[in-house]
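Engineer:
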Amino acid sequence: MRPLGGRRRKAYRLRSHKFLIIMIKDNAVRQRGHEKTEVFMIVPPNVLRLLGLILSLLCPQIGWAQDSHKEIEHTAQLLTTLLNAGRVVVERNQSLINDPGKGDKGFTPEVFEQLVRDEFFRQTRIDLKHPPSSLPSFAKELLAALLFASKEVVRDAQFVINQRGIGYKNFIPATFGSQAARKFSDRSHVTIKQTTLNPRNLKNTPDAYEEMVLKRLATQPPSTTPIVEWVDGGRLLRTLRPIYYSEDCLTCHGNPKGILDISGYPREGAQAGELAGAISIQIPSDHR
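Residue 7 is where the sequence shown starts when you use the working numbering, and the numbers rise one by one after that.
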């Protein structure tokens with residue numbers, strides 16, 4: 007095959023005292039007058055391996071960033087599950103909490119903690135007392151901090167929970183979740199928040215990103231799969247795990263729409279299975 011100038015292409019060989027290098031075509035082009043000469047070049051395999059080793063030593067953060075992102079995403083999922091486990095425990099004990107004929111309910115922070123541990127283990131197969139060695143240390147620290155904050159919320163609510171003669175205590179999953187998330191977030195670089203398009207608590211008002219995701223989720227079939235996205239050039243993880251109305255939620259959030267519920271808020275006219283909101287988490291890549 008001849009080059010554009012019509013002259014035969016030359017092949018070049020270089021010899022060294024150790025090996026023969028056969029030069030192969032590169033995209034480089036040298037111009038001599040009206041001729042175009044193709045330049046052939048090769049790097050021997052041992053040199054390529056050496057260059058790869060040097061690059062890996064100079065730029066280790068490339069591989070680390072990929073692993074770190076996966077670990078952070080997994081940690082966000084576990085934090086969401088733990089907060090939701092607390093919500094589940096509070097919901098299951100609503101009849102006990104709201105029993106007007108009973109004083110000391112026995113729903114202590116310690117009892118609550120064990121119930122949450124059990125629920126978290128049921129959902130993840132992870133024992134929070136003896137977490138696996140494969141779990142990153144920062145994940146263990148964050149989970150312990152969230153569990154501690156959750157216990158504090160139950161501790162602070164003991165007077166209300168144990169009041170005799172009062173039925174509805176307003177210590178519901180949403181109230182618990184908001185308070186636990188706020189306590190945890192105030193002490194951490196990680197932000198957890200319950201949010202919804204129609205917040206009763208203005209602190210749960212969605213930001214622009216959360217509003218966009220919630221509107222999209224509202225048009226889709228129910229799913230427990232979280233929305234996971236890295237924003238700000240990969241420096242911030244944002245996840246939203248949707249929450250849907252159950253039959254028990256409709257006592258306050260169902261029909262007739264606009265009628266005040268037991269807590270004094272207008273009912274939303276929601277139906278079981280509709281999107282209620284989401285647990286939103288933000289974790290910076292440099293979260294330490």
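Each residue gets a CB set at the ideal place from its N, CA and C atoms; glycine is no exception.
None of these values were measured; they are calculated from a predicted model.
1. Using DSSP with H/G/I as helix, E/B as strand and the rest coil, what is T245?
2. Taking the alpha carbon of Q120 as the point to measure from, which residue in D105, V94, S139 has its own alpha carbon closest?
3. Assign P272 to one of three DSSP states: helix, strand, or coil.
4. For the region 163-201, which segments carrying the alpha helix (DSSP H) assignment without a break, of at least 4 residues, lie completely within its bounds, in sequence order?
5. Spatial neighbours of G275 within its chain, please: CB distance less than 6 angstroms, with the 5 preceding and 5 following residues excluded, ordered by chain position.
6. For a test of the three-state rule: what should DSSP assign to P115, helix, strand or coil?
7. Exposed or buried, which one is P179 when buried takes at least 16 other CB atoms within 10 Å?
8. I need the boundaries of the beta strand (DSSP E) containing E235, first residue and last residue.
9. Mind checking which residues open and close the alpha helix (DSSP H) that includes A100?
10. Between L89 and I198, which are expected to be in contact by the criterion C-beta below 8 angstroms, what is the C-beta distance as a whole number of angstroms?
11. For the alpha helix (DSSP H) that contains L220, what are its first and last residues?
12. For F165, count neighbouring Cβ atoms within 10 angstroms of its own Cβ and tell me buried if that reaches 16, exposed if not.
13. Under three-state DSSP, which class holds I289?
14. Considering only their Cβ atoms, is the gap separating I289 from L243 smaller than 7 angstroms?
15. Quick test of your reading: G183 and Q169, contact by CB under 8 angstroms. State the CB separation rounded to the nearest angstrom.
16. To the nearest angstrom, how far is it from the Cα of H195 to the Cα of G107?
17. If we ignore side chains and look at the alpha-carbon of each, how far apart do E217 and K76 end up?
18. Taking DSSP as the reference, what is the three-state secondary structure of I28?
19. Let me know if Y271 comes out buried or exposed under the rule of 16 or more other beta-carbons within 10 Å of its beta-carbon.
20. Tell me the residue span of the alpha helix (DSSP H) that contains C255.
21. Sort out for me which residues DSSP pairs G279 with in a bridge.
22. Once DSSP output is grouped into helix, strand and coil, what is the label at L85?
23. Helix, strand or coil: which one does DSSP assign to L148?
24. Quick one: what's got a C-beta closer than 7 angstroms to F127's C-beta in the same chain, skipping five residues either side?
Structural biologist: This is what the structure holds:
1. Of the three classes helix, strand and coil, the one that applies to T245 here is strand, per DSSP.
2. Comparing Cα-Cα distances from Q120 to each of D105, V94, S139, the minimum goes to V94.
3. Strand.
4. Runs of alpha helix (DSSP H) with 4 or more residues, each lying fully within the region 163-201, are found at 164-167, 179-192, listed in chain order.
5. So the list reads N261, K263, once near-sequence residues are dropped.
6. In the three-state reduction of the DSSP assignment, P115 falls in the helix class.
7. In summary, P179 is buried, with 16 or more beta-carbon neighbours lying within 10 Å of its beta-carbon over all protein chains present.
8. Its beta strand (DSSP E) spans residues 233-237.
9. A small fix is needed here, since residue 100 is Gln in this sequence, not Ala. Boundaries of the alpha helix (DSSP H) around Q100: 100-103.
10. Contact holds; Cβ gap of about 6 angstroms.
11. 214-224 is the extent of the alpha helix (DSSP H) around L220.
12. With fewer than 16 other Cβ atoms within 10 Å, it is exposed.
13. DSSP places I289 in strand when its eight states are reduced to three.
14. Yes, the Cβ-Cβ distance between L243 and I289 is below 7 angstroms.
15. With a Cβ gap of about 22 angstroms, G183 and Q169 do not count as contacting.
16. Whole-angstrom Cα-Cα distance: 43 angstroms.
17. Rounded to the nearest angstrom, the gap between the Cα atoms of E217 and K76 is 25 angstroms.
18. Low per-residue confidence applies at I28: pLDDT is 39, beneath 50, and the placement is therefore not dependable enough to give any value.
19. Exposed, since its Cβ has fewer than 16 Cβ neighbours within 10 Å.
20. First-last for C255: undefined, no H or E at that position.
21. For G279, which the question treats as bridged, DSSP gives no partner whatsoever.
22. It is helical.
23. Residue state, collapsed to three classes: helix.
24. D133.
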